[in-house]
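Novice: Quick note, the sequences are listed as chains V and X, same order.
Just so you know, we're using numbering that gives the first Met the number 0 here: the first sequence kicks off at 0 and counts up by one.
Just so you know, we're using numbering that gives the first Met the number 0 here: the second sequence kicks off at 0 and counts up by one.
My questions will all concern the structure given below.
There are 2 protein chains.
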Amino acid sequence: MSSTLDKLRRARTAAPSLALLTSQPKNAILEAMAELLAAGQETILAANRADLESNELRPSSRDRLLLNPARLADMLAGIRAVISLPDPVGEVLAEWVRPNGLRMRKVRVPLGVVGVIYESRPNVTVDAAVLALKAGNAAVLRGGREAVHTNERLVELLNQAPGLPEGAIELLDSRSRDSAAELMRARGYVDVLVPRGGAELINRVVEQATVPVIETGAGNCHVYVDKEADFEVADRIVINAKTQRPSVCNAAEKLIVHRDIAAEYVPRIVERLRAAGVEVRGDEQTRRLAGEEKVGAACAEDWLTEYSDLKMAVAVVGSLDDAIAHINRYSTRHSDAIITRDATRAQRFLDQVDSAAVYWNASTRFTDGGEFGLGAEMGISTQKLHCRGPFALPELTSVKYQILGSGQIRQ
Amino acid sequence: MSSTLDKLRRARTAAPSLALLTSQPKNAILEAMAELLAAGQETILAANRADLESNELRPSSRDRLLLNPARLADMLAGIRAVISLPDPVGEVLAEWVRPNGLRMRKVRVPLGVVGVIYESRPNVTVDAAVLALKAGNAAVLRGGREAVHTNERLVELLNQAPGLPEGAIELLDSRSRDSAAELMRARGYVDVLVPRGGAELINRVVEQATVPVIETGAGNCHVYVDKEADFEVADRIVINAKTQRPSVCNAAEKLIVHRDIAAEYVPRIVERLRAAGVEVRGDEQTRRLAGEEKVGAACAEDWLTEYSDLKMAVAVVGSLDDAIAHINRYSTRHSDAIITRDATRAQRFLDQVDSAAVYWNASTRFTDGGEFGLGAEMGISTQKLHCRGPFALPELTSVKYQILGSGQIRQ
Chain V
0 MSSTLDKLRR ARTAAPSLAL LTSQPKNAIL EAMAELLAAG QETILAANRA DLESNELRPS
60 SRDRLLLNPA RLADMLAGIR AVISLPDPVG EVLAEWVRPN GLRMRKVRVP LGVVGVIYES
120 RPNVTVDAAV LALKAGNAAV LRGGREAVHT NERLVELLNQ APGLPEGAIE LLDSRSRDSA
180 AELMRARGYV DVLVPRGGAE LINRVVEQAT VPVIETGAGN CHVYVDKEAD FEVADRIVIN
240 AKTQRPSVCN AAEKLIVHRD IAAEYVPRIV ERLRAAGVEV RGDEQTRRLA GEEKVGAACA
300 EDWLTEYSDL KMAVAVVGSL DDAIAHINRY STRHSDAIIT RDATRAQRFL DQVDSAAVYW
360 NASTRFTDGG EFGLGAEMGI STQKLHCRGP FALPELTSVK YQILGSGQIR Q
Chain X
0 MSSTLDKLRR ARTAAPSLAL LTSQPKNAIL EAMAELLAAG QETILAANRA DLESNELRPS
60 SRDRLLLNPA RLADMLAGIR AVISLPDPVG EVLAEWVRPN GLRMRKVRVP LGVVGVIYES
120 RPNVTVDAAV LALKAGNAAV LRGGREAVHT NERLVELLNQ APGLPEGAIE LLDSRSRDSA
180 AELMRARGYV DVLVPRGGAE LINRVVEQAT VPVIETGAGN CHVYVDKEAD FEVADRIVIN
240 AKTQRPSVCN AAEKLIVHRD IAAEYVPRIV ERLRAAGVEV RGDEQTRRLA GEEKVGAACA
300 EDWLTEYSDL KMAVAVVGSL DDAIAHINRY STRHSDAIIT RDATRAQRFL DQVDSAAVYW
360 NASTRFTDGG EFGLGAEMGI STQKLHCRGP FALPELTSVK YQILGSGQIR Q
């Protein structure tokens, strides 16, 4: 296997050719990729079996790593969704003429080389490569050690697509930790690095990277049930946000309840959460209202924790302002919701809660590129620089100023 | 003086109040700041004299640090220019409705806390604070050690503006190196850090920062004189780009000449550069054509170096493609120009040179917020993430998704 630096150089070299590809050849390459993956299904599944057999995995990790015909079909559908998305490259974002006659043009261009560090899910290999390509970028991928055979096979197949410049998709050796460290510090080779995975991975990248990073993912999400809430709506949203898929980042982890309705609502929702298999923790008031035998004591740590599990901590607050303050203190700024019938109170929450996605009377589970109508997603940014929330093709581009003169000089 | 952490906390606490300020009160605060600086002119100049006297400075550093009534008037004009700029906060960038009835709204919001690390020029203190404020952000400033009295006085005056939330402008202690290191690693407190200064400062920030960074400034800029160039236009632009203000980042450092015209153009431009006081270095062909007594030998290092001085290195290339390849190899991706009469060749250069600003028949010296018509600038980004080229108010914001539902849950 060639070294990380060789691969980074190849990706850097591929970037200018990729930037010049128009939509039609890019879409043809993507279609060829889908066909290659379909034709290679048996070899992909065999590689995936090898990964599943050579690792001792917990059921949840095993599930993340597993590929089957249905999941492969989803991958292919994903590629075709990306084919149908508009190509962001070349879009003229603004044009104007200066008093000295200079004609200014602000144009969307690819970022260049997009690095992605991720964990076990092999669909990220295909999603990331395909999104990077459609936006005219080379991709340098560093997947999880457990998925090494699957990822190698997937990238081999993708790279067979006719017309794809050499170096457009490079897979780093996931057996060594060095390759990740090199990728994080590949200044001059990588224009952006996207970590996708758990908090530990993301923190390591943020701590060590010297290339620009888009932080993704961690979601300590809140649902606030206001004193003006419709309880039916609140029940439905709290249960959905907590239980529909507890392992993902947009699942709710915390429930905040306004004091004026706490005596009625807290016992009611605790019953329903417990009936749905959720372990409930709470502050003193919650425990007093719902019964200490039903609600464990939440410690300071709980308010900060993304459980990613069927657990929820409940706090009672004295006012809308207190709810906003609690959320701005503990939220990972991913997705937070208010349940209320009062539009004014809702708008205050939407304006003052400092998170990527803020909801009024809807589940936090909608924070997702597909659900937003973006057609795909590279990740969900929890930072404020470059992009925030679900991001896909336009966010995998940069801009450049093209300036047309007739001999102008500066006085 | 309170600790860096106290100041970061105060800025973080100020951010939500600043985010809620509408344009009118922000502009009133800015106007009050201009009046306070005008009224405090004598005390500012006295503080500046104290800085000038307490440091042993080279003439160029002394000039950067120096304030006088004319420069103060420029500062005030800068504040009034920012007052007249549109407020980016609250702009609805997109609105759409999903098939499930969710109403989606993508809204511009302030970044929150903007950190700036810079060197001796005290006008950055005012420019940065004022731009950050207009975009609804708190500013945490860490200026140069030489400018400590001037910066303290400026920030004292700015902070007296009625209506400004406490913590909106925090000045870190520039006497200690620790304050810079703390600012670079202030995760959770700082949403973006902008280093403004020389290559050494910028590299230190990129290397050490764990907060998101917008890299600015270094400019190894090129002018390429094509075989189809109008020599009169080329002369004018080369001399302007090199000599009009050689110390700044958008000054040209390198001249690339097409082989077919080199025999005629190289001796001609070398004469003119030398007549303008420029020390010329060159590759073998340049030296042969212009005379080795007139052109020193350029070494490998020269092609990478931003001289920021009356020096220029000249290379002869065999084709437009070679010119593009040379520039993409050595440029800091700031500003590069082609001089040609041929529109097709020009467009190839504009499309393929991977720099923030690419010029056809105009001087690289125009890369500047004011010259672009943006009204002001926070810096010139040489990275591709978040913003590229001169940036000001819109680039000091982020976005948020506000999602209005009626009880929607995810299936």
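The beta carbon of each residue, even a glycine, is placed where N, CA and C say it ideally should be.
1. Can you name, in chain order, every residue of its own chain whose Cβ lies under 6 Å from the Cβ of Ser-362(X), other than the five neighbours on each side?
2. Is the Cβ of Asp-172(X) closer than 9 Å to any Cβ of chain V?
3. May I have the straight-line CA-CA distance separating Arg-57(V) from Pro-15(V), to the nearest angstrom?
4. Along the beta strand (DSSP E) that carries Leu-384(V), what are the first and last residues, could you check?
5. Write down the C-beta distance between Val-398(X) and Leu-92(X) rounded to the nearest angstrom, noting that I regard them as a contact closer than 8 Å.
6. Any Cβ of chain V within less than 9 Å of the Cβ of Asn-219(X)?
7. What in chain X is Cβ-close to Gly-372(V), meaning under 8 Å?
8. Could you give the residue range of the beta strand (DSSP E) that holds Ile-213(V)?
9. Kindly list, in the order they appear in chain V, the residues whose Cβ is closer than 9 Å to that of Leu-110(X).
10. Alpha carbon to alpha carbon, how far is Leu-130(V) from Val-210(V)?
11. Going by beta carbon distance, what residues of the same chain come within less than 8 Å of Ser-40(X), once the five residues before and after it are set aside?
12. State the Cα-Cα distance for the pair Arg-104(V) and Asp-86(V), rounded to the nearest angstrom.
13. Is there a Cβ of chain V sitting closer than 9 Å to that of Pro-161(X), yes or no?
14. Look up Asp-50(X) in the DSSP assignment and give the residues it is bridged to.
15. Could you name the residues of chain X that Asp-320(V) contacts, counting a contact when the two beta carbons are closer than 9 Å?
16. Between which residues of its own chain and Ile-461(V) is the CB-CB distance below 7 Å, once the five residues before and five after are set aside?
17. Can you tell me which residues form a DSSP beta bridge with Ala-138(V)?
18. Would you verify that the beta carbon of Phe-365(X) is, or is not, closer than 9 Å to some beta carbon of chain V?
19. If we require 3 or more residues per run, which beta strand (DSSP E) segments fall completely within the stretch 208-278 of chain X?
20. Among all the DSSP beta bridges, which residues are the ones paired with Phe-390(X)?
21. Among the residues of its own chain, which have a CB less than 6 Å from the CB of Glu-376(V), if the five just before and after it don't count?
22. DSSP on Asn-67(X), reduced to helix/strand/coil?
23. Could you check how far apart the C-beta atoms of Pro-220(V) and His-333(V) are, in whole angstroms? I think they sit under 8 Å.
24. According to the neighbour-count rule (16 or more other Cβ atoms, all chains shown, within 10 Å of its Cβ), is Val-96(X) buried or exposed?
25. Does Asp-5(V) pass the burial test, meaning 16 or more other C-beta atoms within 10 Å, or should it be called exposed?
26. May I have the straight-line CA-CA distance separating Ser-371(V) from Gly-143(X), to the nearest angstrom?
27. Starting from Val-154(X), trace the alpha helix (DSSP H) in both directions and tell me its first and last residue.
28. When Cβ atoms are compared, which residues of the stretch 384-405 of chain X fall closer than 7 Å to chain V?
29. Here's the rule I'm using: 16 or more other beta-carbon atoms within 10 Å means buried, otherwise exposed. How should Gln-159(X) be labelled?
30. Hey, does Glu-206(V) have any beta-carbon neighbour from chain X nearer than 9 Å?
31. Any contact between the stretch 197-211 of chain X and the stretch 201-209 of chain V? By contact I mean 3 or more CB pairs, one from each, below 8 Å.
32. For Asn-26(V), decide whether its Cβ has a neighbour in chain X, counting only Cβ atoms nearer than 9 Å.
33. Which residue's Cα is closest to the Cα of Lys-293(X): Arg-409(X), Gly-166(X) and Gly-276(X)?
34. If I'm right that Asp-190(V) touches Val-125(V) with Cβ under 8 Å, what's the distance once you round it to whole angstroms?
35. Using a cut-off of 9 Å between C-beta atoms, extract the partners of Asn-360(V) located in chain X.
36. Short of 7 Å in beta carbon distance, which residues of its chain neighbour Thr-12(V), apart from the five on each side in sequence? Order them along the chain.
Specialist: Walking through what the data contain:
1. Position 363 of the second sequence holds residue 362(X). Correct list, in chain order: Ile-236, Asn-239 and Ala-240.
2. Here residue 172(X) refers to the residue found at position 173 of the second sequence. No, because no Cβ of chain V sits closer than 9 Å to the Cβ of Asp-172(X).
3. For the purposes of this step, residue 57(V) is taken as the residue at position 58 of the first sequence. For the purposes of this step, residue 15(V) is taken as the residue at position 16 of the first sequence. Distance between the alpha carbons of Arg-57(V) and Pro-15(V) is about 43 Å.
4. What you label residue 384(V) is simply residue 385 of the first sequence in a count that begins at 1. Per DSSP, Leu-384(V) belongs to no beta strand (DSSP E) and is neither H nor E.
5. Sequence index remark: in the second sequence, residue 398(X) carries index 399 (1-based). Sequence index remark: in the second sequence, residue 92(X) carries index 93 (1-based). The pair is a contact, with the Cβ atoms about 6 Å apart (cut-off 8 Å).
6. Stepping through the second sequence from its first residue, residue 219(X) is reached at position 220. At a cut-off of 9 Å between C-beta atoms, Asn-219(X) does not count as an interface residue with respect to chain V.
7. Within the first sequence, numbered from 1, the residue matching residue 372(V) stands at position 373. Under the 8 Å cutoff, chain X gives Trp-95, Arg-97 and Met-103.
8. Taking the first sequence and counting its residues from 1, one reaches residue 213(V) at position 214. Here Ile-213(V) belongs to no beta strand (DSSP E), and DSSP marks it neither H nor E.
9. Walking along the second sequence from the start, residue 110(X) turns up at place 111. By Cβ distance, chain V contributes Lys-383 and Leu-384.
10. Reading the first sequence from its first residue, position 131 is the one you call residue 130(V). Reading the first sequence from its first residue, position 211 is the one you call residue 210(V). C-alpha separation (whole angstroms): 20 Å.
11. What you label residue 40(X) is simply residue 41 of the second sequence in a count that begins at 1. Note that residue 40(X) is Gln in the sequence shown here, rather than Ser. For Gln-40(X), where only same-chain residues beyond five positions count, the Cβ hits under 8 Å are Pro-68 and Leu-71.
12. Along the first sequence, read from residue 1 onward, the residue named residue 104(V) stands at position 105. Along the first sequence, read from residue 1 onward, the residue named residue 86(V) stands at position 87. Computed Cα separation, rounded: 18 Å.
13. Here residue 161(X) corresponds to residue number 162 of the second sequence, with the count starting at 1. The C-beta of Pro-161(X) comes no closer than 9 Å to any C-beta of chain V.
14. On the second sequence, residue 50(X) is found 51 positions in, with the first residue counted as 1. Answer is none; Asp-50(X) lacks a bridge partner.
15. For the purposes of this step, residue 320(V) is taken as residue 321 along the first sequence, with counting starting at 1. The contacting residues do not exist; Asp-320(V) stays about 11 Å from chain X at best.
16. Given a span of 0 to 410 for chain V in the structure shown, any question on residue 461(V) remains unanswerable.
17. Walking along the first sequence from the start, residue 138(V) turns up at place 139. Looking at the DSSP assignment, Ala-138(V) forms a beta bridge with Val-113(V) and Ile-168(V).
18. Against the second sequence, residue 365(X) aligns to sequence position 366. Taking Cβ atoms only, chain V reaches closer than 9 Å to Phe-365(X), which makes this a yes.
19. 220-224 and 251-257
20. Position 391 of the second sequence holds residue 390(X). DSSP lists Gly-378(X) as partners of Phe-390(X).
21. As a position in the first sequence, residue 376(V) is number 377, starting the count at 1. Gly-368, Pro-389 and Ala-391, listed in sequence order.
22. Position 68 of the second sequence holds residue 67(X). Coil, per DSSP.
23. As a first step, residue 220(V) is located in the first sequence; it is residue number 221 there, counting from the start. As a first step, residue 333(V) is located in the first sequence; it is residue number 334 there, counting from the start. The residue asked about is misnamed: residue 220(V) is Cys in this sequence, not Pro. The pair is a contact, with the Cβ atoms about 6 Å apart (cut-off 8 Å).
24. Taking the first residue of the second sequence as position 1, residue 96(X) is located at position 97. Its Cβ having fewer than 16 others within 10 Å, Val-96(X) is exposed.
25. Start at 1 with the first residue of the first sequence, and residue 5(V) comes out as number 6. By the neighbour-count rule (16 or more Cβ atoms within 10 Å), Asp-5(V) is not buried but exposed.
26. Residue mapping note: residue 371(V) aligns to position 372 of the first sequence, counting from 1. Residue mapping note: residue 143(X) aligns to position 144 of the second sequence, counting from 1. A quick correction: the sequence has Phe, not Ser, at residue 371(V). When rounded, the distance between both Cα atoms is 45 Å.
27. Taking the first residue of the second sequence as position 1, residue 154(X) is located at position 155. 147-157 is the extent of the alpha helix (DSSP H) around Val-154(X).
28. Taking 7 Å as the upper bound on Cβ-Cβ separation, chain V lies near residues Leu-384, His-385, Arg-387, Gly-388, Ser-397, Val-398, Lys-399, Tyr-400, Gln-401, Ile-402, Leu-403, Gly-404 and Ser-405 of the stretch 384-405 of chain X.
29. Sequence index remark: in the second sequence, residue 159(X) carries index 160 (1-based). Under this definition Gln-159(X) is an exposed residue.
30. In the first sequence, counting from the first residue as 1, residue 206(V) sits at position 207. Taking Cβ atoms only, chain X reaches closer than 9 Å to Glu-206(V), which makes this a yes.
31. Three or more Cβ pairs closer than 8 Å define a contact, and the stretch 197-211 of chain X meets that threshold against the stretch 201-209 of chain V.
32. Reading the first sequence from its first residue, position 27 is the one you call residue 26(V). So, not an interface residue.
33. Counted from its first residue, the second sequence places residue 293(X) at position 294. Nearest option by C-alpha distance: Gly-276(X).
34. One-based indexing of the first sequence puts residue 190(V) at position 191. One-based indexing of the first sequence puts residue 125(V) at position 126. Not a contact, Cβ separation roughly 21 Å.
35. For the purposes of this step, residue 360(V) is identified with residue 361 of the first sequence, where counting begins at 1. By Cβ distance, chain X contributes Leu-403, Gly-404, Ser-405, Gly-406 and Gln-407.
36. To locate residue 12(V), count along the first sequence from 1; it is residue 13. The residues are Gly-166.
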